[in-house]
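Here the sequence shown stands for residues 1 to 149, where the numbers follow full-length UniProt numbering. Here a beta-carbon is modelled for each residue, glycine too, at the ideal position from N, C-alpha and C. Predicted model, so just to flag it, every value in this text is computed and none were measured.
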Amino acid sequence: IVAINKMDTTKWSEERYQEIIKETSNFIKKVGYNPKHVPFVPISGFNGDNMIDASPNCPWYKGWEKETKAKATGKTLLEAIDAIDPPSRPTDKPLRLPLQDVYKIGGIGTVPVGRVETGIIKAGMVVTFAPAGVTTEVKSVEMHHEQLV
């Protein structure tokens with residue numbers, strides 16, 4: 001999403017908006033993205049124009065459009081955010097769980113804490129921690145003190 005801010009300082013100039021789109025699209029192409037997949041939204045963060053509700057200050061603005069898996073259109077920054085496709089989870093890949101911390105809790109044992117980046121983890125699985133090569137069985141999996149099945 002490209003939010004073109006401070007449009008109120010240019011008196012909502014369509015010419016300036018198109019100039020920014022052209023320059024930004026060239027940059028987006030150079031870094032390997034398709035500009036057709038990117039919504040461009042003129043906004044005024046200070047006044048809240050085109051953030052949540054469409055602004056009457058830019059009658060020339062017909063809205064944004066992005067062509068991805070499903071075509072999406074809208075007029076506001078909120079609609080552009082809502083149209084973001086969530087990334088697919090690579091559950092078919094091997095388990096990768098970078099550890100954030102490790103707690104030793106009396107009566108429970110060692111509790112490694114991290115986020116599953118790829119693969120899946122379930123109670124009863126046997127996992128190996130790298131680089132130490134320590135192998136153990138997963139007793140339970142919790143998220144925010146809630147047991148996951």
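- Closest in C-alpha terms to Arg-96, from the list Pro-87, Gly-119, Ile-84, Asp-85, comes Gly-119.
- For the pair Val-31 and Met-143, the Cα-to-Cα distance works out to about 36 Å.
- Separation of Lys-139 and Gly-124 (C-alpha to C-alpha, rounded to the nearest whole angstrom) is 6 Å.
- Taking a cut-off of 8 Å on C-beta distances, the segment 32-41 touches the segment 57-67, as three or more cross pairs fall below it.
- When secondary structure is reduced to three states using DSSP, Met-7 falls in the helix class.
- Looking at the backbone, the Cα of Ala-3 and that of Glu-117 are separated by about 29 Å.
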